[in-house]
Each structure stands twice: as structure tokens, then as C-alpha cells.
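Remarks on the structure that follows.
There are 2 protein chains.
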Amino acid sequence: MDLDLRKLRYFATVAEHRHFGRAAERLFIAQPVLSRQIKSFEQELGCKLLIRTTRSVELTAAGQQLYEEAQQILPSIAAAVRRVHDADQGVQRLAIAFSPGLYVADAIREFTSRHADVEIDLIPTRWWEPDRPLRDGRAQIAYLRRQFDESGLHIVPIGQDPRFACMPAAHPLAARQELSMADLDGERMLDVPNRRTSSIEEKFELIASGHGIALVPLSVARSYSRPDLAHLPVTDAPGIETCLAVATDRHDRVLRGFLETATAILRRG
Amino acid sequence: MDLDLRKLRYFATVAEHRHFGRAAERLFIAQPVLSRQIKSFEQELGCKLLIRTTRSVELTAAGQQLYEEAQQILPSIAAAVRRVHDADQGVQRLAIAFSPGLYVADAIREFTSRHADVEIDLIPTRWWEPDRPLRDGRAQIAYLRRQFDESGLHIVPIGQDPRFACMPAAHPLAARQELSMADLDGERMLDVPNRRTSSIEEKFELIASGHGIALVPLSVARSYSRPDLAHLPVTDAPGIETCLAVATDRHDRVLRGFLETATAILRRG
DNA sequence: CAGATCCATACCGTGAAGGTATCAATTGCC
DNA sequence: GGCAATTGATACCTTCACGGTATGGATCTG
């Protein structure tokens, strides 16, 4: 019924070396023991894993699949045990779910500088279900763009993320204090990432070299400031609403601390 | 050294019930056995997991952490074993990595209808490292926007995804059959999709409420059609290059089949 | 054909897991 | 306060899985 992790490790070593003798040596056990363990493992699983001749060891389809699974499972178990030991040493932990569209680096940097003892787990989510890790308990906080008000979640709007126009410092508009969307009419706007740029850095390269102007959220503008680029607030651009969702059943010190930090970040602008 | 999954299951059951007797009953073992196994488990891990009095059972911090880990580990192991059994029954499997910005549903639907015997694993990636699952063996195929030519990956451009202008249905241009980039001069263009700024849904909200026009790939236009939006092909807009990356070390029938399907999809338009 | 290589089998000792019987401690009732 | 009930821990026994050594059978090599 339970998968035996020791046997899984034995199997993974044999699969890696394709050789019982060398695998046994690596595992610090005698070769006959390894043969017997693998055989027993195959019986427990109910399927053959290895095709052995006296001169070669090959993987069956099931064996190949199990080998790939083992390469996921074994390190993840080791990491889990490490986290348990950390918790035993008093390390607090906060798992934050975020969709790729949301910029969380500032809040996390600020939070970790204040709470150096708290370990952060970043859990990437699929953008169409940003609340999933929250619901299945894998995260305590989730970043969302729009407002979910589904049951069991507590939504905390942490502010409008204002948008900035990013342009070359030499651009005529760069002398202004702020802009409106009307000022940008007729400007060449970069719809990135496009065929030439996919990284945000390349985007700023393009802007700096005069290929156009882009609208970016405050947090991006702040973290990519360079002397040859100007960022101007666009007063009437629709802000991007960012929310934090927290599960209703947990309200500890760490969680409250992060909410405060995240809110403060956006407020400060 | 190896975590004992049986003991982990025992512990998880005790943690769930907070009661040795009932947990033992659920596990179909005698209560003293359970007590001894938990004690042994704590010694193996090197930390206390439970605070027991004769009338109550509580979790320590380490115990709480381990309980959460167990809720991830145990189902994932069961799923892994299922996949191994599937593989043993001849079920082929294909893991596809994709960043949220890339639309893969059409290709997958088409592929599964042709290869009903192949199980698809969808692996969401962080957009800044879309090739990660490929490199660590968790996926056989990765969707990318731009051309990575890093070592060990084989890049297959599967075509230009033509771009459509998305605008309110009431917009003057919406009556046209097709557009050129010149027609869009002076229009307010929305700087999305930008993985750092906005969800797709929000983008279409903005467009519908008259805040601008956006260029979107065909696949996105097709899957987000709504009555108040119009999508018109832009004949001279540079297409968005979509690539598939495959690990160089695997070239089986299933993988080749998917490449063909994905290419055909984009060709058909 | 002889020797080397390599995996499998046979057999043995140790220890962990499961069982039953019972103890010790706390709670609750009278 | 004392007694019964509840609950987890301990003691002791049996079985079986895991480790070891010795050896067999098959295949490749010179």
C-alpha cells in the first residue's frame, strides 16, 4: 500500500547506473540485497520495472516513468523534511501565491528585511485560478488582480497600482511633471513583449533607443529606473487594482505583518 | 535517512483526528502500535511532533508543518504510482510546459482527439523561465514566445500567430473586414498583454469600456470573443512568433505527433 | 574453451512492525 | 474526596522484511 522510499531510492540508483553492482556500491549495500529489493519492489508495484540480462539492464516503460517520478519525489521529500526541521527551530513560514502578471518583489523585499526570521515560499499560480493554492492550503496569501469574493476568502484591496509612461529621458514629454492619456496620442506605444522583446529588460532597451513608449505599473517603473529613461505618472490611465486574498481561518502575526507591508508599499508610491 | 511513508500516513491520521484511539481505528491497527510508531517517527526526525496529555493531542510547530507537507506528499505519491501503472498499461504521456501568456488549448484539443491514448500533463511555468521544466526533465515540450537557442534545446518555430485588432463592437473601424497598421495610427493602443501588468480579462474589460484598442494573437482573439468586442485581422502587423522547444534527447512518436499538430493548427489559422 | 563479469538464489542473523495485556495519568461524576 | 471511565504509554511475544555471505547460471572475451 505505501510506497517504500528506500526501495524507490534503490531503484532510482539502479536506473541511473543501469548496473546492479555499481548501484549497490554507491548505496553501500551488497549486490544480492539490491537484486532482491528491486524484485520485491516490482512485486509490490505489480509491474516489471527493469529488463535484465546478465550483461545489461534496461528500463521498461513503467520503469522509465517511475524513474522520472523518483527524480521529482525524492528531492521534494528531502525539502519537506528540511522545512519541518526549520519549523522545529522556530522558523516561521509564509507561502505567497501570485500569478505571473503581478509584481510582488518590492513587497517581499520589504517584508523580509523587517522579518528576517520568516521564510517565504513563492508559489506561482495559473492566472485563471490565482486562488487555488489558497484553497488547498498550499498558500496563506494570494495576489489577485481583480476582486474575487468567493466563499472562504477574505479580500484585502491593497491599492491601485498607478501606471507610468516610460520613455527616453531625451523625449520632449520627459520634461513634464505628469501626463494624461491624451498626451500620448500619436506616440508609438510598445505592445510588449513582442517578437523582438520578451524580457522586461529588452523592453527598456527598446524604449531607451527610441523605439517607443510603454505604460508600466509603478512597481515596474521603480525597479527598472535608469538614467536614460524617464517615468512619468499618467494621471488618467486606469490604475491596476491589486488585492490580497487570505484564507479566513488563519490570522497570525506573520500574515498580518505581510498585509501591512504590502499595503504600505503601494501607499508610499 | 529515508522518510517512512507509512509512519507519515500514521502521523497525518493522528494529526487529523487529534486522537490516538480513533486514528488507530481508522488505520486498522491497535492503539499501542500507533503510539510506538509515532514515538519512533519523532526520534527518526529528531523533533517532537505532538504534545500529548492523557486527554488531548496537539501539534507542535514542526508537527503542523509536517502535517501540511503530508497533505501534499501523500496524494502526490499516490498520483505518481498511478502514472507508473498507467505507463505499464501502455499509456503514453506527454508533458507540455507553457507560460500563461501562450495559448495552447487548440493544439491540445486537436492532439488529444487524434491520440486518445496519450495522457497530457500541463505544466505551468513562470514566464521568465519557460524552459525550466524542459531542462529538469519535467516536460518534453515547452511553448516559448521568442527564440531561445540555449544549449541542449531544439527549437521548432511552429509559425507566426497572426495578430488581430480588438476593439469595441461600436467602434467605427469595427465595420471593416480587415485593417492595416496605418488604420490604427492615432488610435489609443493598450499596452497589453504584458505579463507584469494585467490579466487577459481585465484587458478585454478595458477595451470594451472604450479605453483603447489592443493587438492580440489569433488564439487569444478566438477564445475571448464577446458580443461587445470586435476582432479584425491586421494584415501587415508582425505576427507573434511561437516556438516549441524540445529536449534533444527524446524523439518518440508522441512528441513528433504533437509537433505536427501544433504546426498544422497555426498554419490553418 | 577458460576466465571474467554480472545478476539471481539460498540461507542465516537482526531488528522493526504488529498483536495482546496491562499500567499510569487525567477527567468527570457522585 | 473517591471511584469509574477514558486515553496514551509500556512490556512482551511473534512474524517478517532487510541486511549479510556463499554460490549458481548465463553471457561476453581472449
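Residue numbers (UniProt numbering), protein chains in the order written: chain S, 1 to 269; chain V, 1 to 269. All C-beta atoms, glycine included, are put in the ideal place defined by N, C-alpha and C.
When secondary structure is reduced to three states using DSSP, H171/S falls in the coil class, being assigned neither helix nor strand. Contact between L259/S and L94/S fails: their C-beta atoms lie close to 11 Å from each other, not under 8 Å. Within the DSSP secondary-structure output, V216/S pairs in a beta bridge with F164/S. For M189/S, the secondary structure class from DSSP, reduced to helix, strand or coil, is strand. In the DSSP assignment, A139/S falls outside any beta strand (DSSP E) and carries neither an H nor an E.
For the C-beta of D88/S, the chain V residues within less than 7 Å are, from N- to C-terminus, C47, A61, A62. Bounds of the beta strand (DSSP E) holding F98/S are 92-98. Following the DSSP letters along the chain, one finds R36/S inside the alpha helix (DSSP H) bounded by residues 31-45. H85/S carries a helical assignment under DSSP once its states are collapsed to helix, strand and coil. Taking C-beta atoms as the reference points, L184/V and A247/V fail to come closer than 8 Å. A buried status is given to T261/S, since no fewer than 16 other beta-carbon atoms sit within 10 Å of its beta-carbon.
With distances taken between CA atoms, D117/S lies nearest to V91/S out of G212/S, G257/S, V91/S. Beta-bridge partners assigned by DSSP to L244/V: Y143/V, V156/V. For A80/S, the neighbours in chain V by C-beta distance under 7 Å run, in chain order, E69, I73. In the three-state DSSP reduction, A230/V falls in the strand class (E or B). The Cβ atoms of A182/V and L215/V do not sit closer than 8 Å to each other. The three-state secondary structure of E178/V, taken from DSSP, is coil. Taking the Cα positions, F111/S is about 18 Å away from P157/S.
Taking CB atoms only, M189/V has a neighbour in chain S less than 8 Å away. Taking P133/S as reference, the option from D106/S, I108/S, F98/S, Q31/S with the minimal CA-CA separation is F98/S. CA-to-CA, the gap between I96/V and L122/V works out to about 5 Å. Sixteen is the threshold: when 16 or more other Cβ atoms of the shown chains lie within 10 Å of the Cβ of A15/S, as they do, the residue is buried.
Partner residues in a beta bridge of E110/V, as assigned by DSSP, do not exist. Under DSSP, the beta-bridge partners assigned to E119/V are R93/V. The criterion of a C-beta distance shorter than 8 Å is not satisfied by V84/V and L8/S.
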